[in-house]
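Let me begin by presenting the structure, written as structure tokens, before commenting on it.
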Amino acid sequence: MTGLQSSRLSLGGGGDFRGLGGLDAGFKLLLELSGVDGSGTVEELFVVGVGSPVITRDSEWVSCRQSQEQEEKAPTICTDTKQTTASPSGSSLPVMDRIATKMSDKFCRYPSTNSSVKDIDVAVAAAREAFRTTWGKNVTGIERGRLLNKLADLMERDAQVLGELECLNNGKPLKIARDFDVGDSVACLRYYAGWADKIVGQSIEIDSKTKFAFTKHDPIGVCAQIIPWNYPINMWAWKVAPALACGCTIVMKPSEFTPLTALKLSELIVEAGFPPGVINTIPSLGSVGGAALSSHKDVDKIAFTGSTVTGRKIMAAAAMSNLKKVSLELGGKSPHLVFESADLDQAANWVALGILYNTGQDCTAGSRVYVQDTIYDKFLQILIGKAKELVIGDGFDEKSGGGPVVSKVQYDKVWSYIESGKQEGAKLALGGVKRSGKGYFVDPTIFTDITPEMKIVKEEIFGPVLSVGKFSTEEEAIRLANDTTYGLGAGLHSSDANQCMRVSNALEAGTVWVNQYNLLYNNVPFGGKKQSGIGRELGSHALEEYTSVKAIQWNFGEKLDWPL
Numbered sequence: 213m214t215g216l217q218s219s220r221l222s223l224g225g226g227g228d229f230r231g232l233g234g235l236d237a238g239f240k241l242l243l244e245l246s247g248v249d250g251s252g253t254v255e256e257l258f259v260v261g262v263g264s265p266v267i268t269r270d271s272e273w274v275s276c277r278q279s280q281e282q283e284e285k286a287p288t289i290c291t292d293t294k295q296t297t298a299s300p301s302g303s304s305l306p307v308m309d310r311i312a313t314k315m316s317d318k319f320c321r322y323p324s325t326n327s328s329v330k331d332i333d334v335a336v337a338a339a340r341e342a343f344r345t346t347w348g349k350n351v352t353g354i355e356r357g358r359l360l361n362k363l364a365d366l367m368e369r370d371a372q373v374l375g376e377l378e379c380l381n382n383g384k385p386l387k388i389a390r391d392f393d394v395g396d397s398v399a400c401l402r403y404y405a406g407w408a409d410k411i412v413g414q415s416i417e418i419d420s421k422t423k424f425a426f427t428k429h430d431p432i433g434v435c436a437q438i439i440p441w442n443y444p445i446n447m448w449a450w451k452v453a454p455a456l457a458c459g460c461t462i463v464m465k466p467s468e469f470t471p472l473t474a475l476k477l478s479e480l481i482v483e484a485g486f487p488p489g490v491i492n493t494i495p496s497l498g499s500v501g502g503a504a505l506s507s508h509k510d511v512d513k514i515a516f517t518g519s520t521v522t523g524r525k526i527m528a529a530a531a532m533s534n535l536k537k538v539s540l541e542l543g544g545k546s547p548h549l550v551f552e553s554a555d556l557d558q559a560a561n562w563v564a565l566g567i568l569y570n571t572g573q574d575c576t577a578g579s580r581v582y583v584q585d586t587i588y589d590k591f592l593q594i595l596i597g598k599a600k601e602l603v604i605g606d607g608f609d610e611k612s613g614g615g616p617v618v619s620k621v622q623y624d625k626v627w628s629y630i631e632s633g634k635q636e637g638a639k640l641a642l643g644g645v646k647r648s649g650k651g652y653f654v655d656p657t658i659f660t661d662i663t664p665e666m667k668i669v670k671e672e673i674f675g676p677v678l679s680v681g682k683f684s685t686e687e688e689a690i691r692l693a694n695d696t697t698y699g700l701g702a703g704l705h706s707s708d709a710n711q712c713m714r715v716s717n718a719l720e721a722g723t724v725w726v727n728q729y730n731l732l733y734n735n736v737p738f739g740g741k742k743q744s745g746i747g748r749e750l751g752s753h754a755l756e757e758y759t760s761v762k763a764i765q766w767n768f769g770e771k772l773d774w775p776l
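Just so we're aligned: 289 in this note's numbering is position 77 of the sequence shown, and the numbers increase by one with no gaps anywhere.
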């Protein structure tokens with residue numbers, strides 16, 4: 213079987229189109245749909261393992277926002293199947309508009325695998341064939357690095373396109389999506405491009421002059437990668453780059469809420485020159501595509517970022533199928549500790565960033581802050597002032613520093629936690645009032661007078677909701693910080709170097725930030741403890757997740773006497 217790839221992705225079907233402008237002329241919107249024979253309907257157009265999508269219309273990317281009443285006329289993202297081996301399944305899912313007049317508005321639909329798990333079998337088979345014939349051990353590390361760098365070049369070229377798609381994907385501000393998310397993703401690809409020809413084993417001395425042993429790090433094989441909706445392009449890069457550097461092939465399932473950048477990146481993968489089947493993209497619901505990949509017996513590795521609840525299901529399915537290798541980056545309830553010696557203004561900046569960046573939709577969101585009682589009142593007022601300065605609005609408005617939450621489901625979830633905090637007796641110091649008007653907007657919300665048993669203190673919210681408490685001693689601060697089932701991130705603020713070392717050593721978290729928060733670097737490993745996951749992403753440690761160590765023992769002279 214040849215690898216799966218499509219010749220173009222089209223967004224069409226009529227509707228009210230309003231230009232956003234500023235995008236690369238090569239990224240356009242096709243209004244006319246074409247099937248295998250050029251006359252297919254929307255329902256007939258489908259691809260699993262997207263290889264080359266393009267959205268086109270008169271050399272200009274446009275936003276397509278429509279009301280629920282116009283759903284039947286809503287443009288549908290679909291794929292030309294001329295270069296695929298998949299049978300059309302006729303299933304599609306909507307991409308929601310998070311700032312529309314009605315919060316149920318959609319601006320497009322896209323193809324999905326929901327009506328047939330067989331489509332996933334096709335994608336896995338394509339990845340297996342590519343691993344066996346055109347990738348894996350058949351391509352040198354130098355060539356893998358060259359292709360990764362070429363893909364990074366194309367992403368830089370199309371940074372505006374990718375940024376606007378990411379803004380449409382989940383509502384985050386364009387300036388952040390373009391300058392940070394896309395830029396960081398490009399840097400991630402370049403980092404692992406540099407690693408591709410440096411994945412080496414070691415020679416091992418053994419007790420013989422006529423024998424020696426050495427190790428190799430072989431690519432693990434076909435990798436299923438399931439990425440979340442909060443950082444779609446970043447999570448795509450974090451998973452794709454090390455896997456490709458190691459020589460693995462990929463079946464990628466983006467979140468059903470945010471598939472757009474993954475589909476555009478499929479186009480760039482083909483343009484960069486990757487062989488067909490190396491990366492196969494399958495838009496799907498997690499309950500369909502994610503479940504099928506987790507239990508698939510021809511998938512060698514699954515990498516997942518998302519909730520702890522789903523992570524448990526994936527781990528169980530992996531064990532019950534073929535004991536595939538698993539890495540999980542899951543939830544968090546990360547603490548900040550602010551000691552009396554801290555620079556309070558800077559600490560407030562980092563605390564605000566930790567909970568308000570990406571509208572709090574972050575697995576490392578610093579959603580619990582404990583402040584030393586001697587500075588509590590002063591720090592709280594500074595923090596409230598910082599939170600009030602942030603503009604939450606339309607991602608395409610350059611003044612916006614934060615956007616809406618990703619979906620109606622998430623919007624309702626965040627508000628259920630805010631109501632829970634009120635009912636359990638926490639005091640609102642800021643926010644907690646719904647906006648009138650359109651969109652899934654949640655303004656910064658700060659609770660005080662908290663207790664450890666409250667849901668807002670114990671459970672991950674994934675929104676801009678912060679709980680602020682007090683402590684008296686260093687020991688109490690550590691106890692409060694570690695009082696959680698999660699262990700992804702933690703922050704502390706102090707000008708006492710000895711205290712910083714003591715506390716950072718005592719905190720139960722995969723990453724501890726000292727006098728800063730939530731900064732990530734491609735060469736520094738990232739992952740959690742406790743129920744925040746297993747395995748590591750980023751840095752050289754990520755390469756271990758996509759390789760298996762083989763020991764080779766060689767006898768080149770010693771004779772064996774028989775019988776023993």
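Glycine included, every Cβ here is placed at the ideal spot set by N, Cα and C.
Applying the criterion that 16 or more other CB atoms from any shown protein chain within 10 Å of the CB defines a buried residue, is Y733 buried or exposed? exposed
Three or more C-beta pairs under 8 Å: does that hold for the stretch 374 to 386 against the stretch 492 to 502? Output reads no: the stretch 492 to 502 does not touch the stretch 374 to 386.
Measuring only the C-alpha atoms, how far is A399 from E636? 45 Å
For G751, which of I416, P440, W450 and V336 has the nearest alpha-carbon? W450
Whose CA, out of K362, V736, Y729 and G745, lies closest to the CA of H548? Y729
Does N730 come out as helix, strand or coil in the three-state DSSP assignment? coil
Which residues does DSSP pair with F424 in a beta bridge? W766
Distance between F674 and G572 (C-alpha atoms, nearest Å): 6 Å
Which residue's Cα is closest to the Cα of R358: F486, E368 and K670? F486
Can you grab the Cα-Cα spacing for the pair Y758 / G433, in whole Å? 8 Å
Tell me, to the nearest whole angstrom, how far the beta carbon of G613 is from that of P444; I am working on the premise that it is less than 8 Å. G613 to P444, Cβ: 19 Å. No contact.
Have a look at S478, A641, T520 and R524 and flag the residue whose alpha-carbon is nearest the alpha-carbon of S507. R524
Looking only at DSSP bridge pairs, what is L642 linked to? I658
Answer with buried or exposed for A515, where buried requires no fewer than 16 other C-beta atoms within 10 angstroms of its C-beta. With 16 or more other Cβ atoms within 10 Å, it is buried.
Rounded straight-line distance, which links the Cα of L772 to that of T697: 55 Å
Range of the contiguous beta strand (DSSP E) that encloses M464: M464 -> beta strand (DSSP E) spans T461 to K465.
Taking three-plus beta-carbon pairs below 8 Å as touching, is the stretch 575 to 588 in contact with the stretch 659 to 674? yes
Kindly indicate which residue of L602, D555 and G459 has the alpha-carbon position closest to the one of Y569. If we check each option's Cα against that of Y569, L602 comes out closest.
Applying the 10 Å Cβ sphere with the 16-neighbour rule, what's the burial state of S648? exposed
Once the 5 residues before and after N767 are set aside, which same chain residues still bring their CB inside 6 Å of it? K423
When you compare each of M464, A484, P431 and T345 to C458 by their alpha carbons, which one comes out closest? P431
For the beta strand (DSSP E) that N492 lies in, which residues bound it at each end? Counting along the chain, N492 sits inside the beta strand (DSSP E) bounded by residues I491 to T493.
Kindly indicate the opening and closing residues of the alpha helix (DSSP H) around Q711. A709 to A718
Any idea what DSSP makes of I481, helix, strand or coil? helix
Considering Cα atoms alone, identify which of E770, W774 and L776 is closest to K421. E770
What did DSSP end up calling Y623 once you bin it into helix, strand or coil? helix
So who's on the other strand from E541, going by DSSP bridges? T517 and G745
In the DSSP assignment, the beta strand (DSSP E) including V581 goes from what residue to what residue? R580 to Q584
For K634, the nearest candidate out of E468, F653, T657 and Q622 (CA to CA): T657
When the distance is taken between beta carbons, is K639 closer than 7 Å to T663? Remark: C-beta atoms of T663 and K639 do not approach each other more closely than 7 Å.
Between the Cα of M464 and those of A338, I491 and L456, spot the shortest distance and give me the residue it belongs to. I491
My assumption, with CB atoms under 8 Å, is that G747 sits in contact with T723. Please give the rounded CB distance. Going by Cβ atoms, the distance from G747 to T723 rounds to 14 Å, so no, they are not a contact pair.
Thinking C-beta only, is G406 closer than 7 Å to K428? no
Would you tell me roughly how many angstroms separate the C-alpha atoms of G234 and Q372, rounded to the nearest one? Since pLDDT at G234 reaches only 28, below the 50 mark, its modelled position is unreliable, and no value is offered.
Does DSSP put G681 in a helix, in a strand, or in coil? strand
CB-CB under 7 Å to L360, same chain, minus the five flanking residues each way: which ones, in chain order? L401, Y404, A405, A408, A453, L456 and A457
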